[in-house]
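Numbering (the numbering used here), first residue to last: 134 to 264.
Quick notes on the structure that follows.
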Amino acid sequence: MGWHREDDSTRRALRTQTRYHNVLTYVPCAICGEKFQLDLATVTLCEGERELGSVCPTCVKAGPTGAAERAQQHADRLRQWADEHDRLATALQFVEQWVTIDELDRRRGEARGQRTHSGTWHTTGIETLWA
(Lines of atoms letter the chains of each structure in order from A and count residues from 1; the text may use other names and numbers.)
(Lines give C-alpha, C1' and ligand atoms only; values in the text may rest on other atoms or scores of the structure.)
Protein backbone atom coordinates (compact mmCIF):
# COMPACT_ATOMS: atom_id res chain seq x y z
CA MET A 1 0.00 0.00 0.00
CA GLY A 2 1.41 3.39 -0.90
CA TRP A 3 0.43 7.04 -0.85
CA HIS A 4 -1.68 6.55 -3.96
CA ARG A 5 -3.59 3.83 -5.76
CA GLU A 6 -1.74 1.61 -8.22
CA ASP A 7 -3.41 3.28 -11.22
CA ASP A 8 -2.30 6.66 -9.81
CA SER A 9 -5.71 8.15 -10.59
CA THR A 10 -6.41 9.34 -7.05
CA ARG A 11 -3.73 10.73 -4.78
CA ARG A 12 -4.35 11.22 -1.09
CA ALA A 13 -4.93 14.90 -0.39
CA LEU A 14 -2.21 15.28 2.23
CA ARG A 15 -1.09 18.59 3.65
CA THR A 16 0.72 19.91 6.68
CA GLN A 17 -0.29 22.74 8.94
CA THR A 18 0.95 24.39 12.10
CA ARG A 19 -0.79 23.56 15.33
CA TYR A 20 -0.35 25.11 18.75
CA HIS A 21 -0.16 23.10 21.97
CA ASN A 22 -0.32 24.10 25.62
CA VAL A 23 1.08 20.79 26.90
CA LEU A 24 4.65 19.59 26.45
CA THR A 25 4.59 15.83 26.05
CA TYR A 26 6.16 13.10 23.93
CA VAL A 27 4.23 11.69 20.96
CA PRO A 28 5.06 9.39 18.04
CA CYS A 29 5.63 11.07 14.69
CA ALA A 30 2.76 10.38 12.27
CA ILE A 31 5.33 9.76 9.52
CA CYS A 32 8.35 7.93 10.97
CA GLY A 33 6.96 6.71 14.31
CA GLU A 34 9.84 8.13 16.35
CA LYS A 35 8.84 9.73 19.64
CA PHE A 36 9.54 13.43 19.96
CA GLN A 37 8.58 16.20 22.34
CA LEU A 38 5.74 18.44 21.22
CA ASP A 39 6.69 22.06 21.32
CA LEU A 40 4.32 24.99 21.72
CA ALA A 41 3.98 25.02 17.91
CA THR A 42 4.33 21.85 15.82
CA VAL A 43 3.50 20.57 12.36
CA THR A 44 0.46 18.34 11.91
CA LEU A 45 -0.13 16.01 8.95
CA CYS A 46 -3.68 16.11 7.61
CA GLU A 47 -5.70 14.21 5.04
CA GLY A 48 -8.51 16.51 4.03
CA GLU A 49 -9.95 17.77 7.31
CA ARG A 50 -8.72 14.74 9.29
CA GLU A 51 -5.58 15.18 11.39
CA LEU A 52 -3.29 12.14 11.08
CA GLY A 53 -0.89 13.29 13.80
CA SER A 54 2.08 15.46 14.64
CA VAL A 55 5.25 15.45 12.54
CA CYS A 56 8.70 15.37 14.15
CA PRO A 57 11.28 18.05 13.28
CA THR A 58 13.43 15.48 11.45
CA CYS A 59 10.61 14.65 9.02
CA VAL A 60 9.75 18.34 8.61
CA LYS A 61 13.40 19.08 7.72
CA ALA A 62 13.47 16.12 5.30
CA GLY A 63 10.70 17.62 3.16
CA PRO A 64 8.08 15.57 1.30
CA THR A 65 10.54 13.26 -0.49
CA GLY A 66 12.66 12.58 2.60
CA ALA A 67 9.54 12.17 4.73
CA ALA A 68 8.20 9.62 2.22
CA GLU A 69 11.43 7.64 2.60
CA ARG A 70 11.15 7.80 6.39
CA ALA A 71 7.51 6.65 6.17
CA GLN A 72 8.55 3.68 4.03
CA GLN A 73 11.30 2.74 6.50
CA HIS A 74 8.73 2.94 9.32
CA ALA A 75 6.31 0.75 7.34
CA ASP A 76 9.09 -1.81 6.82
CA ARG A 77 9.83 -1.84 10.58
CA LEU A 78 6.13 -2.27 11.37
CA ARG A 79 5.84 -5.21 8.97
CA GLN A 80 8.89 -6.82 10.63
CA TRP A 81 7.37 -6.15 14.08
CA ALA A 82 4.05 -7.68 12.95
CA ASP A 83 5.83 -10.78 11.59
CA GLU A 84 7.72 -11.18 14.89
CA HIS A 85 4.49 -10.88 16.86
CA ASP A 86 2.73 -13.41 14.63
CA ARG A 87 5.51 -15.88 15.52
CA LEU A 88 5.27 -14.85 19.18
CA ALA A 89 1.50 -15.43 19.20
CA THR A 90 2.05 -18.97 17.92
CA ALA A 91 4.89 -19.70 20.35
CA LEU A 92 2.91 -18.41 23.35
CA GLN A 93 0.42 -21.22 22.88
CA PHE A 94 3.19 -23.61 23.95
CA VAL A 95 4.85 -21.62 26.76
CA GLU A 96 6.35 -23.96 29.38
CA GLN A 97 6.14 -21.70 32.41
CA TRP A 98 4.01 -18.63 33.03
CA VAL A 99 4.28 -16.43 36.13
CA THR A 100 0.83 -15.64 37.52
CA ILE A 101 -0.20 -12.17 38.64
CA ASP A 102 -0.42 -13.48 42.20
CA GLU A 103 3.21 -14.66 42.02
CA LEU A 104 4.26 -11.31 40.58
CA ASP A 105 2.47 -9.42 43.37
CA ARG A 106 4.12 -11.67 45.99
CA ARG A 107 7.58 -11.09 44.47
CA ARG A 108 7.00 -7.33 44.35
CA GLY A 109 6.14 -7.40 48.04
CA GLU A 110 9.31 -9.36 48.79
CA ALA A 111 11.41 -6.93 46.75
CA ARG A 112 9.98 -3.95 48.62
CA GLY A 113 10.87 -5.58 51.93
CA GLN A 114 14.51 -6.28 51.07
CA ARG A 115 17.38 -3.91 51.89
CA THR A 116 21.02 -3.92 51.01
CA HIS A 117 23.59 -3.62 53.76
CA SER A 118 24.28 -0.05 52.67
CA GLY A 119 20.58 0.89 52.74
CA THR A 120 20.63 2.56 49.30
CA TRP A 121 17.76 3.03 46.88
CA HIS A 122 17.67 0.74 43.87
CA THR A 123 15.90 1.89 40.69
CA THR A 124 14.38 -0.84 38.51
CA GLY A 125 13.08 1.43 35.76
CA ILE A 126 9.48 0.65 36.62
CA GLU A 127 9.47 1.79 40.19
CA THR A 128 11.98 2.71 42.87
CA LEU A 129 12.50 -0.02 45.42
CA TRP A 130 14.29 -0.02 48.72
CA ALA A 131 16.74 -2.79 47.94
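Glycine included, each C-beta is placed from N, C-alpha and C at the ideal position.
Thinking C-beta only, is residue j closer than 8 Å to residue i?
i: Ser187; j: Cys165; result: no
i: Leu178; j: Thr149; result: yes
i: Gly146; j: Gly181; result: The question names Gly, yet the displayed sequence has Ala at residue 146. In this structure, Gly181 lies closer than 8 Å to Ala146 by Cβ.
In whole angstroms, what is the alpha-carbon distance linking residue i and residue j?
i: Ala218; j: Thr191; result: Strictly speaking, residue 218 in this sequence is His, with Ala absent from that position. Taking the straight line joining both Cα atoms gives about 28 Å.
i: Arg183; j: Val176; result: 14 Å
i: Asp120; j: Gln247; result: Residue 120 lies beyond the range of the chain shown here (134 to 264); nothing can be said about it.
i: Thr158; j: Cys189; result: 13 Å
i: Val228; j: Arg203; result: 36 Å
i: Glu167; j: Val232; result: 32 Å
i: Ala208; j: Thr223; result: 23 Å
i: Ala200; j: Gln206; result: 10 Å
i: Arg212; j: Leu171; result: 27 Å
i: His154; j: Leu221; result: 38 Å
i: Val193; j: Leu185; result: 15 Å
i: Glu265; j: Gln230; result: Coverage of the chain is limited to positions 134 through 264, which leaves residue 265 absent and any answer about it impossible.
i: Ile234; j: Arg241; result: 10 Å
Run the CB neighbour count on residue i, radius 10 Å, all protein chains shown included, and call it buried at 16 or more, exposed below.
i: Ala174; result: exposed
i: Arg245; result: exposed
i: Ala215; result: exposed
So residue i packs on residue j, CB below 8 Å; how close in whole Å?
i: Thr169; j: Val160; result: One detail in the question is off: residue 169 reads as Phe in this sequence, not Thr. Confirmed, about 7 Å.
Segments assigned alpha helix (DSSP H), at least 4 residues, entirely inside the segment 164-250: List check, alpha helix (DSSP H) in window: 190-225, 234-246.
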